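Notes follow the structure.
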Amino acid sequence: MHIVETANLTKRFGDLTAVDAFTLDVDVGETFGLLGPNGAGKTTVIKMLTTLLPPTAGKARIAGFDIERRPNDVRRSIGYVPQILSADGTLTGYENLLVFARLYDLPPKERAPRIEEALQVMGLTDAKDRLVRTYSGGMIRRLEIAQSMIHRPRLLFLDEPTVGLDPLARNAVWDYIRRLRTEYGMTILLTTHYMEEAETLCERVAIMHLGKLSALGTPKDLERAVAEETGSNGITLNEVFAHYTGGELDSGGNYRDTSRVRRTARRLG
Amino acid sequence: MTRPGYAEPHVDLGDTEPVGFAGRLVAVPRYLRSYAAKSWALVAMEAQKLRHDPTELLTRMVQPALWLVVFGEVFTQARVIDTGPYPYIAFITPGILAQSVLFVAIFYGIAAIWERDLGILHKFMATPTPRTALVLGKALSAGLRGLSQVILVYALAVALGVGLNWNPLALLGVLAVVLLGAALFATLSLIIASLVKTRERFMGIGQLLTMPLFFASNAIYPIAIMPPWLQAIAVGNPMTYMVDAARSLMLPGYAGLYGLPIDFAVLLGFVAVLLLIGGRCYEGLVR
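Chains as they are written, first to last, in this note's numbering: chain A, 1 to 269; chain B, 1001 to 1287.
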């Protein structure tokens, strides 16, 4: 069964086609990676699937609900952790979770136990009463994930979950992401441009380039396919990425993206 | 450790399509309760923020204090503005209360742009929350900040010897006026923020907006002494109705320009219309 189904999903901003007839299915329970260079359209896809941005053309369904006709049912079924910093530094960890417990309609009696559980699952119980601006980057990311799973969504969107984190914090976040899958059976759709992240976490990956889907499969399958095509051995996912995105590892992006990524990195670091 | 999985019964909160008349009958109150709880969530969040760091409330107190103690006292001595049987300082006390609420609320759009520059707003928008409930939550949060100005202005007025109406109903009325006024200007500010989208542009427009709202109103002089063209603007300015209501409720025996029912109706009307527009515009901030 598919929890995400898109058919020719398209988004145009004026002359620019950010997402071009994007068709993809994600299975229930899998951890799926959306890869691509900056400006490939990953975040635009996520924004459409999370109902923040209406598509120009095409269709998408989340957990069986059409994103345009049943946005509230979609929103109830998903959790979303944006790439940019989304926890409020002027509140404590607990208070950050309480707002979302209310916005997700948890009954008053269930709020406290759910918040405690989310804190525990993300390893933040001891820090719950501290202001978030005193948290480390890894702790902030875990809190943001906790905020997005408080209503136990079936599907979690993680947009660049470890951008700006040092390797240790990154490993810790990976462990917590795995727990969401094993303990809650959540489907996870993440975007990343770290190939190592895709390789460790994702069963299947899709590579996007200039708004289009350019490759889809398990990391192993893609490596094999590129090895056959190019006739070379020992292809890594990095090379797969370069192969399907025209080798431009550093293409795309603009001043606004760059300043945003840097700012996020600075805040998290 | 076993935890319950995701396969929980779907809770119908009224925004899924209700079935038949009976379905609607159950769905509507449920929807309203959920709507109120969500707006309240944002107000509670604001209260927690203010509790952690009340410095902004303190710095907000400087400006109204200056207006009353310096401007008010000087013009009371000068006796150049005809304010009927009330000393000038009494006349402008409600005006300065309204002004300080305006200043607190009109920069709410900056906070919204800040929350957008972070991803906080994106995450709010991805929850099943009606957009107008988010805007109402922000509007009432501004109201909460506005209420702190009431305490300050009353304290200053007492210190300056202004005779105030202490009838509990009148005091409640003042709180209501402040809440409505703050909600009105905060929502207006959110709409502008949604249109201009960047802090730099907003700062310019915020300044540009505040001055006419303040000076083209009856806050610090009666409408009667204005030139006709300015009077015409003042009559369409919601600030005028906020000040008129505050003045009628704060000064003993003051007969308002329009009467409280009209003042409140105008303020409520503005808030309702702006909320509807705001609900539409707010989403644009995250696109």
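C-beta: ideal position from N, C-alpha, C; glycine also. All values reported here derive from a predicted model rather than from experimental measurement.
Which bits of chain A does residue i rub up against, with CB to CB less than 7 Å?
i          : result
B/Val-1286 : Leu-52
B/Gln-1048 : Leu-91 and Glu-95
B/Lys-1038 : Arg-102 and Leu-103
B/Thr-1129 : Leu-103
Taking DSSP as the reference, what is the three-state secondary structure of residue i?
i          : result
B/Phe-1107 : coil
B/Arg-1199 : helix
A/Val-26   : strand
A/Gly-58   : strand
A/Arg-154  : coil
B/Leu-1169 : helix
A/Lys-128  : coil
A/Tyr-80   : strand
B/Leu-1285 : helix
B/Asp-1263 : helix
A/Asp-15   : coil
B/Pro-1009 : Below a pLDDT of 50, predicted positions are generally treated as unreliable, and B/Pro-1009, at 39, falls in that range; no measurement from the model is reported.
A/His-21   : The sequence shown places Ala at residue 21 of chain A, not His. In this structure, A/Ala-21 counts as strand in the three-state DSSP scheme.
B/Leu-1213 : helix
A/Ile-46   : helix
A/Asp-221  : helix
A/Leu-88   : Note that residue 88 of chain A corresponds to Asp in the displayed sequence, not to Leu. The answer is coil: DSSP assigns A/Asp-88 none of H, G, I, E or B.
B/Ala-1219 : coil
A/Ser-251  : A caution first: A/Ser-251 carries a pLDDT of 48, below 50, which makes its placement in the model unreliable, though a value can still be read off. The answer is coil: DSSP assigns A/Ser-251 none of H, G, I, E or B.
B/Gly-1137 : helix
A/Val-226  : helix
B/Phe-1270 : helix
B/Thr-1240 : helix
A/Leu-9    : strand
B/Val-1162 : coil
B/Leu-1251 : coil
B/Arg-1003 : With a pLDDT of 41 at B/Arg-1003, under the threshold of 50, the modelled position of that residue is not reliable, and the figure given next carries that caveat. Reduced to three states, the DSSP call for B/Arg-1003 is coil.
B/Ser-1034 : helix
A/Ala-40   : coil
B/Arg-1079 : coil
B/Ile-1277 : helix
B/Leu-1025 : helix
A/Pro-113  : helix
So which residues of chain B does residue i contact, with C-beta pairs closer than 7 Å?
i         : result
A/Leu-85  : Leu-1118 and Gly-1119
A/Leu-131 : His-1052
Could you tell me which residues DSSP puts in a beta bridge with residue i?
i         : result
A/Ala-215 : A/Ile-207
A/Val-4   : A/Val-26 and A/Ile-62
A/Asp-159 : A/Thr-191
A/Gly-274 : The structure shown does not extend to residue 274 of chain A, since chain A is modelled only from 1 through 269, so no value can be given for it.
On a CA-only basis, which of the options is nearest residue i? Give me that one, please.
i          : options                                           : result
A/Asp-175  : A/Leu-201, A/Leu-189 and A/Leu-156                : A/Leu-201
B/Ala-1111 : B/Arg-1060, B/Trp-1067 and B/Glu-1046             : B/Glu-1046
A/Arg-69   : A/Gln-83, A/Pro-54 and A/Met-195                  : A/Pro-54
A/Glu-30   : A/Gly-14, A/Phe-65, A/Tyr-184 and A/Leu-165       : A/Tyr-184
A/Ala-198  : A/Val-163, A/Thr-182 and A/Lys-212                : A/Val-163
B/Lys-1038 : A/Pro-108, A/Ala-87 and A/Asp-166                 : A/Pro-108
A/Gly-137  : A/Gly-89, A/Phe-241, A/Leu-213 and A/Leu-189      : A/Gly-89
B/Val-1178 : B/Leu-1152, B/Leu-1190 and B/Leu-1195             : B/Leu-1152
A/Met-149  : A/Gly-211, A/Arg-133 and A/Gln-120                : A/Gln-120
B/Arg-1287 : B/Gly-1109, B/Lys-1197, B/Gly-1269 and B/Leu-1025 : B/Lys-1197
B/Gly-1253 : B/Lys-1049, B/Gly-1163 and B/Asn-1218             : B/Gly-1163
A/Gly-64   : A/Asp-25, A/Glu-203 and A/Ala-101                 : A/Asp-25
B/Tyr-1031 : B/Val-1074, B/Leu-1121 and B/Pro-1130             : B/Pro-1130
A/Ala-146  : A/Asn-72, A/Val-74 and A/Ile-78                   : A/Ile-78
A/Pro-37   : A/Glu-223, A/Asn-233, A/Arg-102 and A/Leu-213     : A/Leu-213
B/Ser-1148 : B/Ala-1098, B/Gly-1284, B/Leu-1042 and B/Ala-1090 : B/Ala-1098
B/Leu-1144 : B/Leu-1057, B/Leu-1121 and B/Val-1266             : B/Leu-1057
B/Asn-1218 : B/Ala-1027, B/Ser-1248 and B/Ala-1022             : B/Ser-1248
B/Gln-1048 : A/Val-132, A/Ala-225 and A/Glu-196                : A/Val-132
B/Ile-1096 : B/Ile-1081, B/Phe-1107, B/Gly-1072 and B/His-1052 : B/Gly-1072
At 8 Å on the CB atoms, spell out the chain B contacts of residue i, in chain order.
i        : result
A/His-80 : Inspection of the sequence shows that residue 80 of chain A is occupied by Tyr rather than by His. The contacting residues are His-1122, Lys-1123 and Ala-1126.
A/Val-99 : Ala-1041, Leu-1042, Ala-1044 and Met-1045
A/Ile-15 : Rather than Ile, the amino acid found at residue 15 of chain A in this sequence is Asp. The contacting residues do not exist; A/Asp-15 stays about 17 Å from chain B at best.
So, is the C-beta of residue i closer than 8 Å to a C-beta in chain C?
i          : result
B/Met-1045 : The structure shown contains no chain C; the protein chains it does contain are A and B.
Since residue i meets chain A, which of its residues come closer than 9 Å, beta carbon to beta carbon?
i          : result
B/Ser-1034 : Asp-105
Strictly below 9 Å CB to CB, what residues from chain B border residue i?
i        : result
A/Ala-88 : The identity of residue 88 of chain A in the sequence shown is Asp, whereas the question assumes Ala. Those within 9 Å of A/Asp-88 in chain B are Met-1045, Lys-1049, Glu-1115, Leu-1118 and Ile-1120.
Problem set entry | Where the segment 1189–1208 of chain B meets chain A: residues whose CB sits under 8 Å from a CB there | Residues are counted here when their Cβ sits less than 8 Å from a Cβ of chain A; for the segment 1189–1208 of chain B the count is zero.
Exercise. Of the residues that make up the segment 65–77 of chain A, which ones have a beta carbon closer than 7 Å to any beta carbon in chain B?
Worked result: Answer in chain order: Asn-72, Asp-73, Arg-75 and Arg-76.
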